[in-house]
Amino acid sequence: MATHAEPITLAVGGMTCAGCAANIQRGLSGLPGVESADVNVATRRAWVRPDGTLDAAQLEAAMRQTITSLGYQVLTPEAMGGRGRDADAGHEHGGHDHAGHGDSGHGHAGHGDHDRSGDHAGHDHMRRAHDEHEAHLHADAARASDLLRRLIGAVILTVPLLVVSMVPAAQLARWEWAAAALATPVILWAGWPFHVSTFRSARHGAVQMDTLVTLGTLAAWTWSAVVLLAGMDAHVYFETGAVIVTLLLVGKWLEVRSTSRAGEAIRALSTRVAAEVTLADGTVIPRDQLRHGQLFLARPGEAIATDGRVVDGFATVDASLVTGEPVPVSVGRGDEVIGGTIAGAGTLTVEATRIGSETLLAQIAQLVDKALTGKAKVQRLADRISAIFVPAVIALSLVTLAAWLIASGDVDRAFTAAVAVLIISCPCALGLATPVAILVGTGRGAQLGILVSGPEALEDSRAVQTIVLDKTGTLTEGRMALTETRVLAPDADRLLAAAASVEARSEHPIAQAVAAATEQRMPLKDFRSTPGQGVTATVQGAGPDAENADVTVGSRRLFDEIPEELAAWAAEREERGQTVVFAGRTKAVGTGLLGGGSLGVVTREPLTAEAALAVRDQVKESAAGAVNAFRSLGLAVVMLTGDNYRAARAVADELGIDDVRAEVLPTEKAAVVEALQAGGHRVAMVGDGVNDAPALAQADLGIAIGTGADVAREASDLTIVSGEPVAAADAIALSRRTMATIRGNLFWAFAYNVAAIPLAALGVLNPMIAAGAMGASSLFVVGNSLRLRGFAGYRARD
17 MATHAEPITL AVGGMTCAGC AANIQRGLSG LPGVESADVN VATRRAWVRP
67 DGTLDAAQLE AAMRQTITSL GYQVLTPEAM GGRGRDADAG HEHGGHDHAG
117 HGDSGHGHAG HGDHDRSGDH AGHDHMRRAH DEHEAHLHAD AARASDLLRR
167 LIGAVILTVP LLVVSMVPAA QLARWEWAAA ALATPVILWA GWPFHVSTFR
217 SARHGAVQMD TLVTLGTLAA WTWSAVVLLA GMDAHVYFET GAVIVTLLLV
267 GKWLEVRSTS RAGEAIRALS TRVAAEVTLA DGTVIPRDQL RHGQLFLARP
317 GEAIATDGRV VDGFATVDAS LVTGEPVPVS VGRGDEVIGG TIAGAGTLTV
367 EATRIGSETL LAQIAQLVDK ALTGKAKVQR LADRISAIFV PAVIALSLVT
417 LAAWLIASGD VDRAFTAAVA VLIISCPCAL GLATPVAILV GTGRGAQLGI
467 LVSGPEALED SRAVQTIVLD KTGTLTEGRM ALTETRVLAP DADRLLAAAA
517 SVEARSEHPI AQAVAAATEQ RMPLKDFRST PGQGVTATVQ GAGPDAENAD
567 VTVGSRRLFD EIPEELAAWA AEREERGQTV VFAGRTKAVG TGLLGGGSLG
617 VVTREPLTAE AALAVRDQVK ESAAGAVNAF RSLGLAVVML TGDNYRAARA
667 VADELGIDDV RAEVLPTEKA AVVEALQAGG HRVAMVGDGV NDAPALAQAD
717 LGIAIGTGAD VAREASDLTI VSGEPVAAAD AIALSRRTMA TIRGNLFWAF
767 AYNVAAIPLA ALGVLNPMIA AGAMGASSLF VVGNSLRLRG FAGYRARD
């Protein structure tokens, strides 16, 4: 019997609160063959780790049967159209099956079965991620639309209902019947999502916050209907139930709007490479038919189809999608290339060494998926408290009813007191406490360039102790700039203008940095590029006496002689982490072919460097202020980068960062964060590249710089739109402030209820007064949340 050590993950629709997740988790945990189970209400995923005693297919089938028998849906690619219309369906991108993960770096060429398995496992994983994401998008949109439709209907009916019920002048003959006609669709139709959730939980012996909503509103409606139909001389409470439903619909709709997340970035990662591949013989095949050992072409501007080894050709490769570093890498025969990176000038012939789930890009996607699976384990505070509060309130309401019947025998007073207990306990303020604070907090954050994904991010921000900062694109600009020059020639301006003119013809980031240093341009011709080394062109008037000259800009390998003064100057700058290129001139003699057939420069005199140009990735202006802000928040600062240690140390010294982790591979960044967590640290990670995405997802709090890769933003809890690192400090401060507001809201919401419940049970508060107290608590919650609009942040102090 096959064993299946990897977790099985299913996307689940129909979950509306933590109680739903707890119901499913209990059901899955009791299945044979399950070692452990977890259900995440935020990501709408059910996750099971098998114990190996059952076949994977059998266990997955049992999981599906259990979930559907509990009244929920397993979202599948086929459900995109049908399930998407389910108003209760979950949101966010769906779960991914972790089966079929391949080992990185092992091609096993020659084993056809392995090739096919590894290939399809990887592509099935990404295809399933894409399809389930689409299903969740449909469900998300449908649920938001359904809630809005119900809310609009409830408001239209509740406003005149309040007028009829509260204004004596509007209470014409038989006004109670008009109130009943207005309240019934609000309580039964608009409140249906709450009732469905209650009935579903009740079927399995569970209660939740929606249970109080259903009991309170239906009790008020039922009692009022009985009074009306029986002609009893008692007050009717139709408006109470309608107001409760309307307020809670506002909260639920705000909640969906504030916590819903789009998942296009993960889908974009899964479709980053082309659907078709051109083989070395010119044959075009679908990418999922590519096998280990096959040769394929990577042409200029194309994404490399899969991980491989260059067997012919020379080109620059833009690996920023994966490495996050700005400078393209020069590759030639024998060098490894990564699938999804972009080939520059030159065509490569590549041998496929890793395919499907074995590729680095697929591993990054799977690492993000794995980290997200274990994310958001903290349940919402209101739902945690409701595990005790809701059953206690129901019991107290029944005790109140029985006590009044025994003590007085007055059915009217007994039922009124029991309903008052339920009404005063109905969580209107609780329903608004989190979403209103989130809406105000995230609205203020948006004004400051900060996007908050949801309540889990706010909770996680409170306990963060250490912040890990990616260097490139986070603390630095992510693009090269000319910082210093040393020119030995007397006509320095002419030489620099000529060098900039030549570099302007190149798309290399270093060349662009040199070209951007001056706007002066000189006419040129015969532009030639030596891959991986530099460029040359014949520039009009570039010579020492304004004659035409061949101007060369590039690495020291292009030059016959580097003067000692320039060499020493360059070494000093390189020690500081800068990159140095040289510039020199010779008489214009044209071009020709060098040995081996490569295009190069033919000169009749030695090429001597006349200038050295230092470029570097510039540190952002706000970086130093950001580091100080993090420290003021009580955070230890760590800098993490895939760059070399010398460049990393130079940036760290400039910013005053002591803890530097350099030369870290993309797949190792998450491991560094995990190691810090293992040491007892609660870690926040700030990054911008695809290579940062697993670390962002692994961290207790992920903060993505918005100028970076979309997938990094998808894996994060907070996103900084402005790209300024000091905004990350503002994000943490705002998150902490918002979470403190939420906790204050919840405390006062419960305090109102706890103080009023005994009065309601004693008959001092009738349901109308109870509804008024409930409304007051809601107003307090909203007012307290609105104080977040005054949050200024660290940038306002600069």
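Quick note, in this note's numbering, the sequence shown goes up one by one and the last residue is 814. C-beta atoms are modelled at their ideal positions from N, C-alpha and C, and glycine is treated no differently. Given the structure is predicted, the values throughout are model-derived calculations rather than measurements.
Could you give the C-beta distance for residue i and residue j, rounded to a whole number, given that I count them as a contact under 8 Å?
| i | j | result |
| --- | --- | --- |
| Val-702 | Ile-673 | That pair is no contact at about 12 Å. |
| Ala-258 | Ile-203 | 6 Å |
| Asp-334 | Thr-357 | 6 Å |
| Ile-454 | Thr-754 | 7 Å |
| Val-654 | Ala-664 | No, Val-654 and Ala-664 are not in contact; Cβ-Cβ is about 11 Å, not under 8 Å. |
| Thr-482 | His-697 | 4 Å |
| Leu-265 | Ala-170 | 6 Å |
| Ile-526 | Val-631 | 6 Å |
| Gly-29 | Ala-189 | Contact flag wrong, Cβ pair sits at about 48 Å. |
| Asp-476 | Leu-717 | 4 Å |
| Pro-316 | Ala-361 | 6 Å |
| Asn-761 | Ser-801 | 7 Å |
| Leu-540 | Ala-532 | In fact, because the Cβ distance is near 17 Å, the residues do not count as touching under 8 Å. |
State buried or exposed for residue i, treating a residue as buried only when at least 16 other CB atoms are found within 10 Å of its CB.
| i | result |
| --- | --- |
| Met-248 | exposed |
| Ala-27 | buried |
| Tyr-810 | buried |
| Phe-215 | exposed |
| Ile-721 | buried |
| Ala-711 | buried |
| Ile-773 | buried |
| Asn-660 | exposed |
| Trp-63 | buried |
| Gln-714 | buried |
| Gly-116 | At Gly-116 the pLDDT is 33, less than 50, meaning the model places this residue with poor confidence; the figure from the coordinates comes in the next sentence. Buried, by the Cβ-count rule. |
| Met-79 | buried |
| Ala-449 | buried |
| His-127 | Bear in mind that a pLDDT of 36 at His-127, under 50, signals an unreliable position, so the number given afterwards is only what the model happens to contain. So His-127 ends up on the exposed side. |
| Thr-262 | buried |
| Leu-750 | buried |
| Glu-563 | exposed |
| Leu-306 | buried |
| Ala-418 | exposed |
| Ala-199 | buried |
| Leu-467 | buried |
| Gln-89 | buried |
Let me check one thing: in DSSP terms, what residues is residue i bridge-paired to?
| i | result |
| --- | --- |
| Gln-89 | Gly-29 |
| Phe-312 | Leu-295, Val-366 |
| Ser-545 | Val-551 |
| Gly-809 | Answer by DSSP bridge pairing: none, since Gly-809 is not bridged. |
| Ser-301 | Residue identity differs from the one stated: residue 301 is Ile in this sequence, not Ser. Per DSSP, Val-293. |
| Met-701 | Val-484, Gly-718 |
| Lys-603 | Ala-565 |
| Asp-334 | Ile-358 |
| Pro-66 | Val-50 |
Going by the beta-carbon positions, is the gap between residue i and residue j smaller than 8 Å?
| i | j | result |
| --- | --- | --- |
| Val-518 | Val-567 | yes |
| Ala-584 | Leu-511 | no |
| Val-597 | Leu-649 | no |
| Val-223 | Ile-410 | yes |
| Thr-492 | Gln-634 | yes |
| Leu-550 | Ser-571 | The sequence as given places Gly at residue 550; Leu does not occur at that position. Yes. |
| Ala-625 | Pro-579 | yes |
| Pro-344 | Thr-332 | yes |
| Val-437 | Leu-421 | no |
| Asp-323 | Arg-370 | yes |
| Leu-44 | Thr-82 | yes |
| Arg-42 | Ser-52 | no |
| Leu-623 | Thr-602 | yes |
| Tyr-253 | Trp-239 | yes |
| Met-31 | Ala-38 | no |
I'd like to confirm something about residue i: is its beta-carbon nearer than 7 Å to some heavy atom of the ligand NAD, or not?
| i | result |
| --- | --- |
| Leu-70 | The ligand NAD is absent from the structure shown, which contains no ligands of any kind. |
Distance cutoff 8 Å, beta carbons only. Does residue i sit that close to anything in chain C?
| i | result |
| --- | --- |
| Met-538 | Among the chains of the structure shown, chain C does not appear; only one protein chain is present. |
Alpha helix (DSSP H) runs wholly inside the region 497-572, at least 4 long, in chain order: 508-519, 525-531
Within the region 668-698, ranges of the beta strand (DSSP E) (whole runs, at least 3 residues): Whole beta strand (DSSP E) segments, 3+ residues: 675-677.
Those runs of the beta strand (DSSP E) which lie wholly inside the region 614-663 and span at least 3 residues: 615-617, 627-635, 652-656
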